[in-house]
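**Q**
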Amino acid sequence: MKILVTGGTGYIGSHTCVELINSKHEVVIVDNLYNSSESVLDSIETITNVRPKFYKIDILDYEELEKVFKDNKFDAVIHFAGLKAVGESVEKPIEYYENNISGSLNIYKLMKKYNVNNLVFSSSATVYGDDFEVPFKEEYGFGTTTNPYGTTKKMNEMIISDICVSNKDLSAVLLRYFNPIGAHESGLIGEIPNGIPNNLLPYIMQVESGIRDHLNVFGDDYDTVDGTGVRDYIHVVDLARAHVKAIEYACSHKGCEVINIGTGKGYSVFELLHAYEKASGHKIPYEVVDRRKGDIATCFADTRKAKELLDFEAEYDIDRMCIDAYRFMSKLNKKI
Ligand code: NAD
Ligand code: UFG
50 MKILVTGGTG
60 YIGSHTCVEL
70 INSKHEVVIV
80 DNLYNSSESV
90 LDSIETITNV
100 RPKFYKIDIL
110 DYEELEKVFK
120 DNKFDAVIHF
130 AGLKAVGESV
140 EKPIEYYENN
150 ISGSLNIYKL
160 MKKYNVNNLV
170 FSSSATVYGD
180 DFEVPFKEEY
190 GFGTTTNPYG
200 TTKKMNEMII
210 SDICVSNKDL
220 SAVLLRYFNP
230 IGAHESGLIG
240 EIPNGIPNNL
250 LPYIMQVESG
260 IRDHLNVFGD
270 DYDTVDGTGV
280 RDYIHVVDLA
290 RAHVKAIEYA
300 CSHKGCEVIN
310 IGTGKGYSVF
320 ELLHAYEKAS
330 GHKIPYEVVD
340 RRKGDIATCF
350 ADTRKAKELL
360 DFEAEYDIDR
370 MCIDAYRFMS
380 KLNKKI
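Take the sequence shown: its letters are residues 50 to 385, numbered as in the numbering used here.
1) Which residues in the same chain as Ile44 place their Cβ atom closer than 7 Å to its Cβ, once the five residues preceding and following it in sequence are excluded?
2) Starting from Ser172, follow the alpha helix (DSSP H) in both directions and report where the run begins and ends.
3) Below 8 Å, can you find three or more Cβ-Cβ pairs linking the region 303-314 to the region 245-258?
4) Can you confirm whether the region 113-120 touches the region 180-189 when touching is taken to mean that 3 or more C-beta pairs between the two stretches lie within less than 8 Å?
5) Quick check on DSSP: helix, strand or coil for His331?
6) Throw me the rounded Cβ distance for the Leu219 and Ile308 pair, which I believe falls under 8 Å.
7) Spatial neighbours of Thr200 within its chain, please: C-beta separation below 7 Å, excluding the five flanking residues on both sides.
8) Using 10 angstroms around the beta-carbon of Glu206, count the other beta-carbons present and answer buried if the total reaches 16, otherwise exposed.
9) Is Pro334 buried or exposed, if buried means 16 or more other CB atoms sit within 10 Å of its CB?
10) DSSP beta-bridge partners for Tyr282?
11) Span of the beta strand (DSSP E) holding Asn309?
12) Over the uninterrupted alpha helix (DSSP H) stretch that includes Asn205, give me the two end residues.
13) Between the C-alpha atoms of Arg340 and Arg261, what's the straight-line distance to the nearest angstrom?
14) Return the chain-ordered ranges of every beta strand (DSSP E) run that is complete within the region 107-177 and spans a minimum of 3 residues.
15) Write down the C-beta distance between Tyr271 and Ala346 rounded to the nearest angstrom, noting that I regard them as a contact closer than 8 Å.
16) Looking at ligand 2, does it come within less than 7 Å of Tyr189, judged from the CB to the closest heavy atom?
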């Protein structure tokens, strides 16, 4: 199949392009390089021996985006492009709504105009908010989102599901990711945070590398195994494989499905910290500080629907996630 991947040079997008190419799909990437670099194309080519066609385009630019749809006859779209920093979204709600809603509407309009009827969308476990008990099940629907970023994910899910009602030819899979971490085993692609990392593993990686002096652990008084927050970390390569299954599912079904993508297991901040210490062979200094506003104690997925509909199960454990992340970081440090 010929697949448009928006945000395809980004963290999850680049790993998904590799898995799509490995599964013999043709990939066309649109990205404005706001949070990624064109050199990712070299890495994808080194890993797969295929260089995807690339358009440096902002999805807010409808005319330029239309040229991509005119030039290519797509079978499907995987839509990753968007802004993703929770804290920044509170400071810059207009930018987040414009990019993540108006940009997405351009994609959906052009899919309709050019009769492209298969879509996978990057949603997030954040849409569950803190209203439900774990494991989070798709049938819960939406909780209360606590920041504009989360609200853009909820709104996109609602928009896509409404379009599916009006257009019976459209098939959409809305993937609610839990916490993607890790990197490709080649060490050539991975996550490069912009500025101070918001997320736990990228922060741990920078402390281990000496870029930051210690990790702040946001609270050790939660009702969890060791008092720290528990999350469902999933290897980014497993997540990428889930996209291949999801787009193939979309192409052979009609309607709109919401599917969790996680491992179904939760690990605490200290458990992840110790797994990275093991992978790197270094002690990582930390300090326990106050809870972070908006954080929940525990978050992990009910993964049964992914197994039933997509025949997807995550393969890699937390040690492998940390080993691959460490390899990527080591290569990156040598480059800098
Ligand atoms: P990323 O920032 O690495 O990738 C997003 C890509 O989209 C970047 O390459 C960026 O340059 C591009 N982009 C942003 N705005 C654009 C625009 N207007 N036009 C064209 N390109 C644009 O992020 P990621 O971690 O790979 O996330 C991919 C998707 O998954 C995002 O929609 C994100 O919200 C969602 N998601 C991520 C996580 C996570 O923890 N990483 C969790 C849940 C959901
Ligand atoms: N944490 C720390 N110190 C840090 C960073 C995080 O102790 O420096 C803790 C948090 O308190 C939490 C855990 O590590 O208990 C994980 O935090 P992350 O920020 O890595 O992940 P979140 O689960 O808070 O949020 C992530 C993404 C959101 C997404 C959500 C659900 O950032 O965009 O997963 O998919 F919505």
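The beta-carbon is built from N, C-alpha and C at its ideal position, and this holds for glycine as well.
**A** If we stick to the structure as given:
1) Given a span of 50 to 385 for the chain in the structure shown, any question on residue 44 remains unanswerable.
2) Not the alpha helix (DSSP H): Ser172 falls in the beta strand (DSSP E), residues Asn167 to Ser173.
3) Counting Cβ pairs under 8 Å, fewer than three are found: no touch.
4) no
5) coil
6) Not really, about 16 Å apart at Cβ, beyond 8 Å.
7) Thr194
8) buried
9) exposed
10) Bridge pairing for Tyr282: Asn228 [DSSP].
11) Gly304 to Ile310
12) Pro197 to Ser215
13) Distance from the CA of Arg340 to the CA of Arg261, rounded to the nearest whole angstrom, comes to 20 Å.
14) 125-128 and 167-173
15) 4 Å
16) no
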